[in-house]
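First comes the structure, then the notes that go with it.
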Amino acid sequence: CIRDRGMAQGGGMNLLGDNRWYLTDQKRDQEEMAIFGEVSYDITEKLTLLLGGRYFENEDAIKGITAYGIEAFDSYGFGLIDVDVKAEDEDAIFKVNVAYAIDDYRNIYFTWSEGYRPGGVNRASSPTVDPTYEPDFLTNWEFGWKTDWLNQSLRWNGAAYFMEWEDMQFTQFNSAAFLQPIGLTINIGEAEITGIETDLSYLPIDGLLLTAAVAYNEAELSEDFVLIPTDPTNSRSLNAPKGTPLPFAPEWKFNLSARYDFNMGSFGSYAQIVYAYVDDSYNDLFVFNGDSVNTDRQKQDSYENVNASLGLGRNTWNLELFVTNLTDERAEISRDTQAYGTYITTNRPRTIGLKLAMRFD
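Numbered per our numbering, the sequence shown spans residues 396 to 756.
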């Protein structure tokens with residue numbers, strides 16, 4: 396509980412002044428039960444079939460209050476929020492995998508699998524948001540390969556996949572649309588993810604390892620979503636049309652690295668450099684807030700990162716000089732925009748350090 400002269404203000408929220416405070420006194424009970432297992436069978440010497448499944452039951456309940464003082468939210472009239480709600484769900488998910496060994500160095504596989512997240516309860520209900528939300532389910536079709544070439548000096552792995560995401564859960568702080576000052580979770584319908592990822596490892600000479608990896612993902616809503624208030628007197632709504640990119644889902648990511656291990660007298664030594672790139676992405680899903688463009692939905696810039704290190708070791712100890720974020724770039728890891736303010740989470744600035752490690756056998 397925080398009292399006295401208040402806490403903060405902005406965007407319809409005013410927690411400055413007397414009799415304005417924040418208090419949470421809630422008890423949450425969660426129970427999860429699951430039975431799962433898998434079995435594999437060698438149909439031939441080269442072909443293997445795997446079957447798996449999971450049955451689950453979940454129960455989530457919350458009871459208590461959240462309070463914001465006497466006049467904490469002047470424009471929305473928030474005060475005491477009392478909640479006493481329980482959610483239950485049960486279902487089963489399955490997995491099928493077929494793997495084929497072309498030879499001792501090359502393998503291909505196909506996987507059909509399902510995943511889920513339990514449903515749950517919100518800390519408050521409102522005229523626009525139900526007190527409970529449903530489980531969401533992901534169905535994945537994936538084809539992949541794991542291969543070695545050139546006398547095992549070259550390794551090439553990868554996978555192509557398509558995913559259907561049903562009843563996707565989405566959590567957001569949006570006091571204007573949700574009519575509550577706390578984060579609430581809703582089910583926003585269906586999305587699809589199409590992607591491919593692959594990586595290469597190559598040993599051109601003794602001691603030198605070169606690696607590269609790339610991933611491409613197209614993640615977007617596969618149907619229109621509109622949050623329609625259950626209270627007809629409330630005109631606030633959120634919506635995102637079919638094809639809207641999912642938030643925090645960059646299309647491209649890739650990395651390159653080089654590591655050289657060598658001897659310096661009686662010491663084992665190495666030098667390494669790693670480069671990574673992350674594409675831009677959006678920080679929010681909703682394109683429109685009512686009839687207006689959602690200004691909280693902003694693009695997060697792409698960024699690059701370079702790390703380097705030099706190591707020296709013998710027997711059970713190792714000394715490493717490292718530099719992280721060599722170019723001293725301020726990467727935009729995430730951007731949080733809401734009525735309370737805009738917050739950008741960045742990576743650490745350039746860091747130079749010395750690390751001493753010892754192994755105890």
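Glycine included, each C-beta is placed from N, C-alpha and C at the ideal position. This one's a predicted model, so the numbers in the text were calculated from it and none came from an experiment.
| Check | Outcome |
| --- | --- |
| Determine, using beta carbons only, whether S729 and T711 come nearer to each other than 8 Å. | no |
| In angstroms with no decimal places, state the Cα-to-Cα distance between E561 and L641. | 14 Å |
| Rounded to whole angstroms, what is the Cα-Cα separation between V493 and E537? | 11 Å |
| Whose C-beta lies closer than 6 Å to the C-beta of Y511 among residues of the same chain, with five residues either side of it excluded? | I488, P530, F532 |
| Looking at C-alpha atoms only, which residue of S704, R423, T593 is the closest neighbour of V718? | S704 |
| CB T534 to CB M563, shorter than 8 Å? | no |
| Quickly, what does DSSP pair P419 with across the bridge? List them, please. | Correcting the residue type first, residue 419 is Thr in the shown sequence and not Pro. DSSP output for T419 lists T461 as bridge partner(s). |
| Quick test of your reading: A586 and S617, contact by CB under 8 Å. State the CB separation rounded to the nearest angstrom. | 6 Å |
| To which residues of the same chain is D619 closer than 6 Å at the C-beta, ignoring the five residues directly before and after it? | P636, K637 |
| What separation, rounded to the nearest whole angstrom, lies between the Cα atoms of D498 and T439? | 13 Å |
| Would you call E426 buried or exposed, if buried means 16 or more other Cβ atoms sit within 10 Å of its Cβ? | exposed |
| G448 and D484 look like a contact to me (Cβ under 8 Å); what is the Cβ gap, rounded to whole Å? | That pair is no contact at about 17 Å. |
| Can you say whether A666 is buried or exposed, counting buried as having 16 or more other CB atoms within 10 angstroms of its CB? | exposed |
| Following the continuous beta strand (DSSP E) through N664, name the residue where it begins and the one where it ends. | The residue asked about is misnamed: residue 664 is Ser in this sequence, not Asn. Here the beta strand (DSSP E) through S664 covers 662-673. |
| Report whether the distance from the Cβ of N569 to the nearest heavy atom of the ligand HEM is below 7 Å. | The ligand HEM is absent from the structure shown, which contains no ligand whatsoever. |
| Measure the CB-CB distance between E766 and E613 and report whether it falls below 8 Å. | Since the displayed the chain opens at 396 and closes at 756, residue 766 lies outside it and no answer follows. |
| Please state whether the Cβ-Cβ distance between K648 and D675 is less than 8 Å. | no |
| Where does S570 sit, in a helix, a strand or coil, going by DSSP? | helix |
| On the DSSP letters alone, give me the boundaries of the beta strand (DSSP E) that K750 sits inside. | 746-753 |
| What's the C-alpha gap between N742 and A726? | 6 Å |
| As an exercise, report each continuous alpha helix (DSSP H) stretch of at least 4 residues that is fully enclosed by the segment 697-734, in chain order. | none |
| Can you grab the Cα-Cα spacing for the pair T461 / I581, in whole Å? | 19 Å |
| Have a look at the DSSP bridge pairing and note the partners of I583. | In the DSSP output, where bridge partners are listed per residue, I583 has none listed. |
| Quick one: using the 10 Å Cβ neighbour count with 16 as the cut-off for buried, is Y738 buried or exposed? | exposed |
| From F431 to S508, what distance separates their C-alpha atoms? | 14 Å |
| When the distance is taken between beta carbons, is N634 closer than 8 Å to F683? | yes |
| M558 lies in the beta strand (DSSP E); which residues open and close that run? | 549-561 |
| My output table needs one value for G602: the three-state DSSP class, helix, strand or coil. | coil |
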